[in-house]
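Enquirer: Quick one: structure below, then a few questions.
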Amino acid sequence: MQTLITHRDFVPLIDPLKTIGKLNSKIVLKKDYVRDDGTCAVYLQLFQNNERKRIPLNISVPVSDWDEKKQLVKNRNRNADDYNLLIGKVKSDLNTVLVNYRLSGMEPKLSDVVEELLSPTLRTCFNAFYAAELEYQYEKGIIKYSTYRQQKGALGKIKKFRDPLPFCDIDENLVLELKAFCRHELKNKKATIEGTIKNFKKFLHLANKKRIRTKISFDEIKIKKMVGSRVFLLPEELKKLYQYAQSPFISDERRMILKRFLFSCFTGIRISDSERITEDNFIGDHLAFTMYKTDKFIRIKLNQAALSMIEFPDVFKDNFTREHINRQLKNIANSLGMKKRLHFHCSRHTFATNFLISGGDVVNLQRLLGHSKIEETMIYVHIVDSITDKQIDLLDDIIK
């Protein structure tokens, strides 16, 4: 026997926890508090799912001057025209927000509507939106300080390019112009430019998710995977710096900075970890800590060169900013006649390259560097291979 199925059997099940309730609004006079001058404040009141939010309109009138039915100031008030224009604008702004939600097929959420009403520039200016989202992510612990610094630096470049930057101006040509600005005006290299564009794309993505429309969508912006030039020290250069650190002619400031740098040359640790390690992280001749960037726990056997760079209980005695450290490293390189442009991260590249040159295993190097993928570590294998190829070419000198 066949069962007759009607359209009534296909009524969808609605989960009340996943449904956003209707948002209601009203202009109200807060009669429960009368000011000394006999007036009460006017608010935009929003309701949704038994939650109420009030937004002050910075208007205050006597109870007798308020038309509760029309939600307007009565004509008897001398400022009625100005006040009612302001009320009309608030209603219009709210309507615009709600229309945008309907057009995007999304239901308005009370907290989001309030945010858009209080900070309208966040929906019109990319730079303002970027800055607000960046601060929010850092304050909530979504991103770490190192990421915050890097993304704030990218915002600084975008502001130099154009500020304010309206969302309506963002199209394919603008992205190309931003790249050209970074290349010609800021003298950035390809990897640095792609990093800036990657950050631009991230915050454009967040804006698009919040229904802010742009002529080009975030997914239309393609990021090239770039491998920046890795500056590293060869064994003879590393030895020169090591000897300089032990020299009686070096200043105390340079010695402290160089010891921190050289310790990383012999261990591969990032500056973010160098800044955080304490005496408690040293267990005999081993260094054990959780990497700040990746949250991975790592244990490193320390050689004598690394051990000679630290002093307990402070480990490192300097307390300089990263910018100052990098400036001094460049000055030290110049003093020793070294052509390479040193910065602290060179120490990590130096460790990786010399570890492989000395016969170290790439899998062990991956663990020591805390890389998630072996492909990241293989970059150093290719660097060492290119060095080896050049050294083989030197054999041609025998028959010249």
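When we follow my numbering, the leftmost residue of the sequence shown carries the number 136, and every step to the right adds one. Backbone N, C-alpha and C fix where the C-beta goes; we use that ideal spot for every residue, glycine too.
Thinking C-alpha only, which one of V234, T231, D200, Y236 is nearest N219?
Expert: When each option's Cα is compared against that of N219, the closest is D200.
Enquirer: Should S543 be labelled buried (16 or more other beta-carbon atoms within 10 Å of its own) or exposed?
Expert: Because the chain here runs from 136 to 535, residue 543 falls outside it and cannot be looked at.
Enquirer: Assuming E329 and I358 make a contact with CB atoms under 8 Å, what is their CB distance in whole Å?
Expert: Approximately 6 Å separates the beta-carbon atoms of E329 and I358; this is inside 8 Å, confirming the contact.
Enquirer: Select from I522, K294, N416 the residue whose C-alpha is nearest the C-alpha of V450.
Expert: Closest by alpha carbon: N416.
Enquirer: With a cut-off of 8 Å, does the C-beta of M473 fall near any C-beta of chain D?
Expert: The structure shown contains no chain D; it is built from a single protein chain.
Enquirer: Should L158 and L179 be called a contact, given that it needs their Cβ atoms to be closer than 8 Å?
Expert: No, these two residues do not count as a Cβ contact at 8 Å.
Enquirer: Can you grab the Cα-Cα spacing for the pair D216 / I222, in whole Å?
Expert: 10 Å
Enquirer: May I ask you to report which of helix, strand or coil DSSP gives K292?
Expert: Assignment of K292 by DSSP, reduced to helix, strand and coil, places it in the helix class.
Enquirer: Below 8 Å CB to CB, which residues in the same chain sit around H421 once its five sequence neighbours on both sides are set aside?
Expert: R434, I435, K436, L437
Enquirer: Which residue from V498, L491, D496 puts its Cα closest to that of S521?
Expert: L491
Enquirer: In the DSSP assignment, what residue or residues form a beta bridge with P421?
Expert: First, the residue type needs correcting, since residue 421 is His and not Pro in the sequence shown. Paired residues: I418, K436.
Enquirer: Is it right to say R405 is buried, meaning 16 or more other beta carbons lie within 10 angstroms of its own, or is it exposed?
Expert: buried
Enquirer: For the alpha helix (DSSP H) that contains N489, what are its first and last residues?
Expert: That run of the alpha helix (DSSP H) goes 481-492.
Enquirer: For I460, name the three-state secondary structure that DSSP assigns.
Expert: helix
Enquirer: Output needed for D541: all residues of its chain with C-beta closer than 7 Å, excluding positions within five of it in sequence on either side, in chain order.
Expert: Because the chain spans 136 through 535 in this model, residue 541 falls outside it and cannot be assessed.
Enquirer: I believe F367 touches H484 by the beta-carbon criterion, under 8 Å. Please report the beta-carbon distance rounded to the nearest angstrom.
Expert: 4 Å
Enquirer: Flag P243 as yes when its Cβ comes closer than 7 Å to any non-hydrogen atom of the ligand MN, and as no otherwise.
Expert: Ligands in the displayed structure: none, and consequently the ligand MN is not present.
Enquirer: For the putative contact between V177 and V196, defined by C-beta atoms under 8 Å, what is the C-beta separation to the nearest angstrom?
Expert: 7 Å
Enquirer: Can you list, in chain order, the stretches of the beta strand (DSSP E) that have 3 or more residues and sit fully within the region 210-281?
Expert: none
Enquirer: CB-CB under 7 Å to H340, same chain, minus the five flanking residues each way: which ones, in chain order?
Expert: Same-chain partners within the cutoff: F353.
Enquirer: Would you check if there are 3 or more beta carbon pairs closer than 8 Å linking the region 366-380 to the region 469-480?
Expert: yes
Enquirer: For the alpha helix (DSSP H) containing L78, list its first residue and its last residue.
Expert: This structure cannot speak to residue 78, because the chain is shown only from 136 to 535.
Enquirer: For the alpha helix (DSSP H) that F182 lies in, which residues bound it at each end?
Expert: No alpha helix (DSSP H) holds F182; the beta strand (DSSP E) holding it covers 175-183.
Enquirer: Would DSSP call R395 helix, strand or coil?
Expert: helix
Enquirer: DSSP on K357, reduced to helix/strand/coil?
Expert: coil
Enquirer: According to the neighbour-count rule (16 or more other Cβ atoms, all chains shown, within 10 Å of its Cβ), is E410 buried or exposed?
Expert: It counts as exposed.
Enquirer: Please report the distance separating the alpha-carbon of S470 from that of Y379.
Expert: 10 Å
Enquirer: Taking the beta strand (DSSP E) that K188 belongs to, which residues open and close that run?
Expert: Segment 186-196, the beta strand (DSSP E) holding K188.
Enquirer: In chain order, what residues of the same chain have a beta carbon less than 7 Å from the beta carbon of D408, not counting five sequence neighbours either side?
Expert: F424, M426, Y427
Enquirer: Given this structure, state the Cα-to-Cα distance separating A440 from V497, to the nearest angstrom.
Expert: 22 Å
Enquirer: Measuring alpha carbon to alpha carbon, tell me which of E388, E446, L229, S443 ends up nearest R462.
Expert: Comparing Cα-Cα distances from R462 to each of E388, E446, L229, S443, the minimum goes to E388.
Enquirer: Between the Cα of M241 and those of I162, N466, V516, K345, spot the shortest distance and give me the residue it belongs to.
Expert: K345
Enquirer: Should Q381 go down as buried or exposed, given a rule of 16 or more other Cβ atoms within 10 Å for buried?
Expert: exposed
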